[in-house]
Amino acid sequence: MNKNTEVTVETAGKLGLLPEEFDKIISILGRTPNFTELSIFSVMWSEHCSYKNSIKYLKTLPREGECLLVGAGEENAGLVDIGDGLGCAFKIESHNHPSAIEPYQGAATGVGGIHRDIFTMGARPIAALNSLRFGDLSLPHTQRLVKGVVSGIGGYGNCLGVPTIGGEVYFDPCYNQNILVNAMSIGTVKKGETVSAIADGPGNPVFIVGSATGKDGIHGATFASADLTENSAEDLPAVQVGDPFQEKLLLEASLEAIKTGAIVGMQDMGAAGITCSTSEMSAKSGTGMVIDLDKVPTRQANMQAFEILLSESQERMLIVCKKGEEHKLDAVFDKWDLECAEIGHVTDTGMLEFFQNGERIAHVPSEPLVLGGGAPVYDRSYTRPGYIDQLKDYNSGNTPAPDDLVATLKQLVKLPNLLSKRWIYEQYDSMVRTNTATTNTASDASVIRIKENGKAIAATVDCNSSYVYADPEKGAMIAVAEAARNLVCTGAEPLAVTNNLNFGNPYNEEVYWQFVHAVKGMGNACRKFNTPVTGGNVSFYNQSVINDRVEPINPTPTIGMIGLIHNMDHFTSLSFQNEGDAIIVIGTLRDDINQSEYLKNILGISDSKCPYFELEEEVALQQLIRQIIRTTKVQSVHDIAEGGLFMNLLESCFEHNKGFEINNPGMVRNDIFLLGESQSRVVVSISQEFKNSLTDLLGQNNINFVEVGRVTGSKVRFEDHDLGNISDWKSVYQNHLGQLIES
Amino acid sequence: MKFGVVVFPGSNCDDDMVHVLGTVMGFDVVKIWHKEKSLDPYGPLDGIVLPGGFSYGDYLRSGAIARFSDIMPEVVRFANNGGLVWGICNGFQILCEAGLLPGVLLPNEDKKFICKNVYLQTVNYNTAITSSIAEGQILKIPIAHADGRYFIPENEVNALWDNEQVLFRYCDENGQLTDESNVNGSLYHIAGVCNKNKNVFGMMPHPERAAEVALGNTDGHLLFEALLGVHS
Numbered sequence: 001m002n003k004n005t006e007v008t009v010e011t012a013g014k015l016g017l018l019p020e021e022f023d024k025i026i027s028i029l030g031r032t033p034n035f036t037e038l039s040i041f042s043v044m045w046s047e048h049c050s051y052k053n054s055i056k057y058l059k060t061l062p063r064e065g066e067c068l069l070v071g072a073g074e075e076n077a078g079l080v081d082i083g084d085g086l087g088c089a090f091k092i093e094s095h096n097h098p099s100a101i102e103p104y105q106g107a108a109t110g111v112g113g114i115h116r117d118i119f120t121m122g123a124r125p126i127a128a129l130n131s132l133r134f135g136d137l138s139l140p141h142t143q144r145l146v147k148g149v150v151s152g153i154g155g156y157g158n159c160l161g162v163p164t165i166g167g168e169v170y171f172d173p174c175y176n177q178n179i180l181v182n183a184m185s186i187g188t189v190k191k192g193e194t195v196s197a198i199a200d201g202p203g204n205p206v207f208i209v210g211s212a213t214g215k216d217g218i219h220g221a222t223f224a225s226a227d228l229t230e231n232s233a234e235d236l237p238a239v240q241v242g243d244p245f246q247e248k249l250l251l252e253a254s255l256e257a258i259k260t261g262a263i264v265g266m267q268d269m270g271a272a273g274i275t276c277s278t279s280e281m282s283a284k285s286g287t288g289m290v291i292d293l294d295k296v297p298t299r300q301a302n303m304q305a306f307e308i309l310l311s312e313s314q315e316r317m318l319i320v321c322k323k324g325e326e327h328k329l330d331a332v333f334d335k336w337d338l339e340c341a342e343i344g345h346v347t348d349t350g351m352l353e354f355f356q357n358g359e360r361i362a363h364v365p366s367e368p369l370v371l372g373g374g375a376p377v378y379d380r381s382y383t384r385p386g387y388i389d390q391l392k393d394y395n396s397g398n399t400p401a402p403d404d405l406v407a408t409l410k411q412l413v414k415l416p417n418l419l420s421k422r423w424i425y426e427q428y429d430s431m432v433r434t435n436t437a438t439t440n441t442a443s444d445a446s447v448i449r450i451k452e453n454g455k456a457i458a459a460t461v462d463c464n465s466s467y468v469y470a471d472p473e474k475g476a477m478i479a480v481a482e483a484a485r486n487l488v489c490t491g492a493e494p495l496a497v498t499n500n501l502n503f504g505n506p507y508n509e510e511v512y513w514q515f516v517h518a519v520k521g522m523g524n525a526c527r528k529f530n531t532p533v534t535g536g537n538v539s540f541y542n543q544s545v546i547n548d549r550v551e552p553i554n555p556t557p558t559i560g561m562i563g564l565i566h567n568m569d570h571f572t573s574l575s576f577q578n579e580g581d582a583i584i585v586i587g588t589l590r591d592d593i594n595q596s597e598y599l600k601n602i603l604g605i606s607d608s609k610c611p612y613f614e615l616e617e618e619v620a621l622q623q624l625i626r627q628i629i630r631t632t633k634v635q636s637v638h639d640i641a642e643g644g645l646f647m648n649l650l651e652s653c654f655e656h657n658k659g660f661e662i663n664n665p666g667m668v669r670n671d672i673f674l675l676g677e678s679q680s681r682v683v684v685s686i687s688q689e690f691k692n693s694l695t696d697l698l699g700q701n702n703i704n705f706v707e708v709g710r711v712t713g714s715k716v717r718f719e720d721h722d723l724g725n726i727s728d729w730k731s732v733y734q735n736h737l738g739q740l741i742e743s
Numbered sequence: 001m002k003f004g005v006v007v008f009p010g011s012n013c014d015d016d017m018v019h020v021l022g023t024v025m026g027f028d029v030v031k032i033w034h035k036e037k038s039l040d041p042y043g044p045l046d047g048i049v050l051p052g053g054f055s056y057g058d059y060l061r062s063g064a065i066a067r068f069s070d071i072m073p074e075v076v077r078f079a080n081n082g083g084l085v086w087g088i089c090n091g092f093q094i095l096c097e098a099g100l101l102p103g104v105l106l107p108n109e110d111k112k113f114i115c116k117n118v119y120l121q122t123v124n125y126n127t128a129i130t131s132s133i134a135e136g137q138i139l140k141i142p143i144a145h146a147d148g149r150y151f152i153p154e155n156e157v158n159a160l161w162d163n164e165q166v167l168f169r170y171c172d173e174n175g176q177l178t179d180e181s182n183v184n185g186s187l188y189h190i191a192g193v194c195n196k197n198k199n200v201f202g203m204m205p206h207p208e209r210a211a212e213v214a215l216g217n218t219d220g221h222l223l224f225e226a227l228l229g230v231h232s
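Line by line, the protein sequences give chains Z and V.
Residue numbers for the first sequence follow this note's numbering, so the first one is 1 and each next one is one higher.
Residue numbers for the second sequence follow this note's numbering, so the first one is 1 and each next one is one higher.
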């Protein structure tokens with residue numbers, strides 16, 4: 001296909017547009033579009049850019065709160081007030097399909113893209129997190145993907161000089177062909193020094209800065225909006241190639257250019273390249289643009305107009321400059337040896353006009369192209385999936401007690417989802433910028449101090465997709481609750497959320513049912529925790545076609561949450577500190593092993609319901625934990641998550657090589673006591689001397705708690721089972737995942 | 001004593017060095033852009049730091065392009081006049097490439113980027129950056145590199161030991177030179193060296209990442225404390 005291709009409804013179909021969408025384009029233009037114009041509509045109306053199948057429900061999420069400096073969706077990323085004249089910009093975004101095809105570049109450009117979203121607002125990225133999902137780790141294909149994704153994330157982030165401070169990694173066969181790579185960036189900016197993605201002021205010149213434009217990533221947005229199939233590898237040109245060194249220069253030059261005062265508006269080029277940035281910026285300002293594509297620096301000669309317009313070459317920005325101040329921009333980009341080309345100007349027509357060889361090759365209005373403007377919005381129908389009603393409650397009544405508990409525990413600690421992710425995170429620079437407080441103090445969330453005001457940002461990404469599969473509404477609530485709980489356990493106040501909604505094909509009514517219910521649960525939980533959703537990303541079509549059977553991934557609505565530690569005295573470790581300290585479990589023990597790692601991966605039972613969770617109970621627990629951290633002398637605080645109480649205790653031991661001896665108070669069977677994953681439970685340790693002040697507080701608040709034992713020097717004991725020395729558990733915990741990946 | 005921190009395109013620990021030298025230690029410190037052609041404001045009593053990062057993307061060999069930057073002949077001249085030059089991580093790689101320090105930094109033995117705390121034993125306690133370290137004290141300082149395996153031809157090694165040019169060696173937390181503790185496979189566990197004149201220093205570990213109570217580790221602070229004693 002090229003610019004002379006005759007445009008019909010079939011052409012539109014090949015670009016991923018529906019017949020009714022093609023009709024709508026004709027009615028907007030009052031004529032049939034040419035191929036270049038059709039290409040523009042096809043990428044802007046792709047799922048990736050338009051959110052056409054999700055926006056209706058995204059609008060039901062809580063989008064307002066006292067801490068927000070800009071409304072949700074108004075800028076490239078959310079911006080929250082962190083006090084002392086500072087704002088924190090943060091966002092999560094997926095790069096799933098590219099990473100499934102080309103793991104190194106897919107993951108690398110995912111990292112690069114999300115950081116650009118942050119610094120295009122004028123904020124300096126100060127930390128990155130990521131949420132990764134892979135398939136069965138025993139498959140060589142999975143091992144190859146893990147290695148590629150991890151080195152891609154490291155290769156980009158390390159060079160850029162932004163620390164990767166945390167994340168989560170899960171392995172589940174549902175991701176065998178369709179891995180998930182969700183990257184989050186956090187930046188800080190002085191209030192009043194942010195830049196918007198606007199194109200105000202007709203007559204103002206438009207610049208493209210950064211890398212030259214090549215043929216990579218053409219139709220990437222459309223690629224991301226289609227099913228991943230076994231033939232997807234043939235779409236390799238749709239995968240972008242990253243250059244972190246160029247991004248580092250672009251980052252510094254952009255922040256320096258903002259300081260000159262010459263910039264009216266700026267937007268990074270991600271999906272749909274020049275098309276998306278020109279249309280979104282002018283639509284936001286109600287203006288238009290005249291762009292001469294011959295002036296765009298290209299990597300090769302004879303690129304067609306649609307290729308230049310749709311290229312997703314990385315490390316580029318579109319800047320609208322104040323007329324007469326172009327020299328200020330030139331000086332900065334010259335200093336950093338980056339391209340800075342004037343390619344057009346802002347108009348008052350509301351139309352985008354693209355020229356090539358003196359000929360106007362596309363002439364389309366900007367408003368109908370964009371989300372919130374004229375882009376299509378759909379309300380899909382949905383059906384409750386049959387599997388939901390087949391799920392059962394698993395507890396001591398219908399599961400066997402293990403013959404050999406100690407053997408079971410040893411088996412458990414080797415499960416990939418529970419093992420230390422050390423092999424992975426040691427390949428990321430987690431400390432550059434010298435703010436990472438969790439390097440030498442393990443904690444439930446990652447913590448970076450803010451040099452300017454002595455406070456700290458705590459951040460986490462969380463989602464257990466097995467829980468969401470079993471109950472999308474409750475599972476999404478748990479994802480929000482766990483994120484908030486992790487922040488609270490570090491001593492932070494949860495502030496706001498960015499979400500990455502990874503689902504299957506939205507035209508599949510059962511998948512859409514999962515989506516609708518997950519968004520509902522997420523919204524309810526975010527309202528309870530007073531953490532508005534500032535933005536994020538929707539990734540549909542995550543599924544694989546295997547032997548003509550479509551298998552959607554588990555619904556995976558990943559929550560990225562940030563919080564503020566107002567006073568570093570509140571920063572709390574998850575690690576046991578002193579031999580002899582009392583170990584107290586706060587929250588209610590339940591006879592429940594639903595969707596636990598133990599049930600799924602040791603007993604091999606996958607048809608269980610979601611584990612116990614009640615939102616009100618969780619909120620009360622978190623309020624109390626915040627009070628405990630502020631008013632008592634607790635030594636460690638760590639929530640119970642995957643792997644239950646047993647993994648929680650082991651994880652609490654490793655940093656200072658402590659051990660524990662505990663007993664089951666007898667409410668539930670031993671294996672369920674140790675390995676159940678019912679929610680809303682937190683383990684704290686405290687010296688015997690100050691124990692009463694804590695238990696008094698717990699009693700006054702009418703919350704269930706039980707002292708299960710004490711911290712030891714290094715020995716591990718449960719009831720009368722001698723579980724050996726903590727060093728043996730630590731060795732397996734720290735090293736086994738690397739052995740599995742490199743096996 | 002005032003400091004200049006050279007900023008190459010791709011340097012990313014420049015802000016960290018400026019923060020520790022300036023805000024934490026109270027030295028006068030400014031950044032020096034790599035296109036500068038003169039270090040005239042800096043005398044033999046001052047210091048020049050080459051910070052960590054990925055100069056020019058490290059797309060050739062780490063440090064191999066940066067050594068041709070405009071500023072580098074001036075850094076060489078400054079060093080030859082006795083000025084203190086300190087390269088950390090990428091800065092160490094650049095100093096080796098520029099010939100100011102002996103040896104080279106090869107890709108890590110396991111070919112992976114490694115970022116973690118490591119333990120160091122100090123070999124020469126009588127230099128401008130090691131004099132505050134107590135005899136026998138094992139330091140915990142992080143590394144973050146893909147190309148940190150120190151290598152030097154066998155026939156040059158003896159001179160390195162004879163001239164007391166080895167500063168630090170990777171060890172375990174008890175100070176033992178175990179195989180496992182040699183994190184990147186460096187020859188003789190070498191983590192940092194200096195030149196014969198003891199005024200040019202290079203090390204892979206990042207002391208600036210371990211110099212503040214707020215980050216839970218102050219072992220690196222000792223190296224900056226030592227600088228306070230120089231020319232005072």
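Just so you know, even glycine gets a beta-carbon here, dropped at the ideal spot from N, CA and C.
These numbers come from a predicted model, not from an experiment.
Residues of its chain near residue i, where Cβ-Cβ distance is below 7 Å and the 5 sequence neighbours each way are ignored
{"i": "Z/N554", "result": "D172, C174, S465, S466, V468, Y469"}
{"i": "Z/I605", "result": "Y394, L599"}
{"i": "Z/S678", "result": "R590, D592, P611, Y612"}
Range covered by the beta strand (DSSP E) that runs through residue i
{"i": "Z/R449", "result": "446-449"}
{"i": "Z/H345", "result": "339-347"}
{"i": "Z/D292", "result": "288-292"}
{"i": "Z/S539", "result": "533-539"}
Spatially closest choice to residue i from the options, by CA coordinates
{"i": "V/G216", "options": "Z/V716, Z/N435, Z/Q739, Z/F306", "result": "Z/N435"}
{"i": "Z/V264", "options": "Z/S285, Z/E168, Z/H566", "result": "Z/S285"}
{"i": "V/N124", "options": "V/S11, V/R67, V/L167", "result": "V/L167"}
{"i": "Z/Y512", "options": "Z/Q700, Z/D379, Z/P416, Z/R124", "result": "Z/D379"}
{"i": "Z/R433", "options": "Z/A407, Z/P98, Z/P163", "result": "Z/P163"}
{"i": "Z/M500", "options": "Z/N542, Z/P494, Z/R449, Z/G192", "result": "Met is not the amino acid found at residue 500 of chain Z; the sequence shown has Asn there. Nearest option by C-alpha distance: Z/N542."}
{"i": "Z/V668", "options": "Z/E689, Z/E661, Z/V706, Z/G535", "result": "Z/V706"}
{"i": "V/C115", "options": "Z/E616, Z/N440, Z/Q427, Z/N130", "result": "Z/Q427"}
Residue range of the unbroken alpha helix (DSSP H) whose run includes residue i
{"i": "Z/R422", "result": "422-425"}
{"i": "Z/G738", "result": "726-741"}
{"i": "Z/C489", "result": "472-490"}
{"i": "Z/N701", "result": "Note, Z/N701: premise wrong, no alpha helix (DSSP H); not H, not E."}
{"i": "Z/M317", "result": "Counting along the chain, Z/M317 falls outside any alpha helix (DSSP H), though it belongs to the beta strand (DSSP E) covering 316-321."}
Expected contact under 8 Å - CB spacing of residue i and residue j to nearest Å
{"i": "Z/G676", "j": "Z/D592", "result": "5 Å"}
{"i": "Z/V497", "j": "Z/I559", "result": "6 Å"}
{"i": "V/E225", "j": "V/S132", "result": "4 Å"}
Close Cβ partners of residue i (< 8 Å) along its chain, the five nearest in sequence each way excluded
{"i": "Z/V619", "result": "K528, F529"}
Contact set for residue i: own chain, Cβ-Cβ below 6 Å, skip 5 residues either direction
{"i": "Z/P552", "result": "G504, V511, Q543"}
The segment 208-220 of chain V: positions lying closer than 9 Å to chain Z by Cβ: Within the segment 208-220 of chain V, the residues whose Cβ lies closer than 9 Å to any Cβ of chain Z are, in chain order, E208, R209, A210, A211, E212, A214, L215, G216, N217.
Near-chain V residues of the segment 244-264 of chain Z (beta-carbon distance less than 9 Å), N- to C-terminal order: Answer set for the segment 244-264 of chain Z: P244, F245, Q246, K248, L249, E252.
Within 9 Å of chain V by C-beta, residues of the segment 565-588 of chain Z in sequence order: Among the residues of the segment 565-588 of chain Z, those with a Cβ less than 9 Å away from any Cβ of chain V are M568, in the order of the chain.
Taking any Cβ of chain Z, which residues in the segment 139-159 of chain V have a Cβ under 7 Å from it, in chain order? Contact residues of the segment 139-159 of chain V toward chain Z are P142, A144 (C-beta to C-beta distance below 7 Å).
Members of the segment 170-194 of chain V that neighbour chain Z once the beta carbon cut-off is set at 8 Å: Those residues of the segment 170-194 of chain V that come within reach of chain Z (Cβ to Cβ, closer than 8 Å) do not exist; the list is empty.
Name the residues in the segment 185-208 of chain Z whose C-beta lies less than 7 Å from a C-beta of chain V; which are they? From the segment 185-208 of chain Z, no residue has a Cβ closer than 7 Å to chain V.
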